[in-house]
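Below: one structure, written as structure tokens.
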Amino acid sequence: MDWFKEVNGVVTLKELSREEYFLPGNATCAGCGASIGIRLAFKALGPRTVFVVPACCTSVIQSPFPYTAFAAPCLNIAFEAAAAAASGVVAAYEQRGVKDVTVLAWAGDGGTADIGIQALSGAAERGTNFIYVMYDNESYMNTGIQRSGSTPYGAWTTTTPTGKREHKKDVPLIMAAHGIPYIATACISYPLDLISKLRKAKGIEATRYIQILAPCSPGWRFPTEKTIEMGRLAVQTGMWALFEIEHGKFKLTNPSATLIDKTKRKPVKEYLRVQGRFDNLTNEGIVEIQKWIDERWENYKKLQLDV
Ligand SMILES: Cc1ncc(C[n+]2csc(CCOP(=O)(O)OP(=O)(O)O)c2C)c(N)n1
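This note's numbering runs 653 ahead of the 1-based position in the sequence shown.
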């Protein structure tokens with residue numbers, strides 16, 4: 654079934670299929686940002702998609718029999734093995750001459766930025782034909798909120814009780830160093846942008862990497878009805894930037910493209926002060942994060958000018 658009109662066209666909510674392949678009655682926490690991402694990924698890619706999911710919140714959401722929440726094939730795999738297993742699925746379909754299935758590795762930030770990065774790097778170097786999504790809830794949430802390489806500076810987790818001392822690892826730029834043709838960032842609070850990036854990725858035959866910010870109410874300590882608001886604040890303050898790197902060309906996408914001028918971005922304090930995970934952050938900590946954001950955006954400016 655050709656259930657969307659164009660691969661790279663403008664997306665509107667009306668254009669989206671009403672069919673749901675991420676089923677209700679599943680095991681998500683209330684206000685789960687990752688599950689919004691899963692629903693949108695299905696809407697973007699359609700049911701001829703095979704998910705490859707390592708140990709993470711999604712495996713718990715998806716797998717408990719008989720309440721499985723995916724109306725499409727899903728391979729649950731070991732924590733470190735998403736890209737390796739997805740490479741195997743791609744090879745199997747190629748061997749059988751099947752060309753209309755999208756293989757989607759769907760992994761958390763721990764499973765990507767930390768334990769899964771060697772398999773992902775290998776697949777990207779080989780140019781394996783899959784989409785790899787890191788849904789970024791900025792911690793190992795499934796096992797009770799341990800810090801990951803993608804946890805931001807100053808955030809409380811059970812393994813950083815006084816706040817993380819290091820800044821977030823820049824996985825999109827690590828992937829860019831592999832020279833793959835499509836890299837993007839997205840956020841569940843901007844669904845049309847997320848869908849159009851996934852659709853664009855679907856139309857490219859190579860390794861594609863998309864990192865999706867997925868706020869987590871229990872882990873970030875905000876009320877469950879505020880998930881979308883958290884994602885918006887992350888983007889509006891510049892803590893999370895929306896961009897694409899297509900064949901090496903870096904481009905900020907909206908609304909981030911409108912925030913290149915520092916004065917257009919909200920102060921990061923507005924984002925930090927509404928999340929319990931930053932409760933212990935001092936004013937110096939806030940200044941440090943603001944400085945980190947401003948430096949990153951200077952780099953984005955340069956990257957955008959370089960193309
Ligand atoms: C080799 C190995 N180490 C540890 C675990 C335990 N484990 C399962 S899920 C998980 C956390 C996953 O974190 P992340 O990838 O960030 O996804 P999230 O749970 O946040 O969705 C851990 C540590 C495991 N399954 N395998």
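Glycine included, every Cβ here is placed at the ideal spot set by N, Cα and C.
- Assigned with DSSP and collapsed to three states, Gln928 falls in coil, not helix or strand.
- The DSSP assignment places complete beta strand (DSSP E) segments of no fewer than 3 residues inside the region 685 to 744 at 702 to 707, 727 to 730, in order along the chain.
- Contact fails between the region 830 to 841 and the region 747 to 758, because fewer than three Cβ pairs, one in each stretch, are under 8 Å apart.
- Remark: the shortest separation between the CB of Met794 and any heavy atom of ligand 1 falls under 7 Å.
- Between Gln748 and Ala737, the alpha-carbon positions lie close to 17 Å from each other.
- When DSSP reads this structure, Gln799 sits in a beta bridge with Tyr793.
- Taking the CA atoms as reference points, Gly780 sits about 27 Å from Phe723.
- In this structure, Arg861 and Ile784 form a Cβ contact; the two beta carbons are roughly 5 Å apart against a cut-off of 8 Å.
- Taken through DSSP and simplified to helix, strand or coil, Trp893 comes out as coil.
- Put simply, the region 793 to 809 touches the region 930 to 947. At least three CB pairs are less than 8 Å apart.
- In terms of Cβ geometry, Gly769 and Ser801 do not form a close pair [threshold 8 Å].
- Boundaries of the beta strand (DSSP E) harbouring Gly761: 755 to 761, taken from the DSSP string.
- Using a cutoff of 7 Å, the CB of Thr711 counts as near ligand 1, since one of the ligand's heavy atoms is closer than that.
- Taken in chain order, the complete beta strand (DSSP E) segments of 3 residues or longer contained in the region 800 to 870 are 835 to 840, 861 to 866.
- Gly684 counts as buried, since no fewer than 16 other beta carbons sit within 10 angstroms of its beta carbon.
- As computed with DSSP, Val786 is found in a beta bridge with Trp759, Ile863.
- Beta bridge pairing from DSSP links Phe875 with no other residue.
- Leu905 is bridged by DSSP to Phe896.
- Taking 7 Å as the cut-off, one finds at least one heavy atom of ligand 1 near enough to the beta carbon of Gly764.
- Across the set Pro868, Ser774, Thr711, the C-alpha of Ser774 shows the shortest separation from the C-alpha of Ser740.
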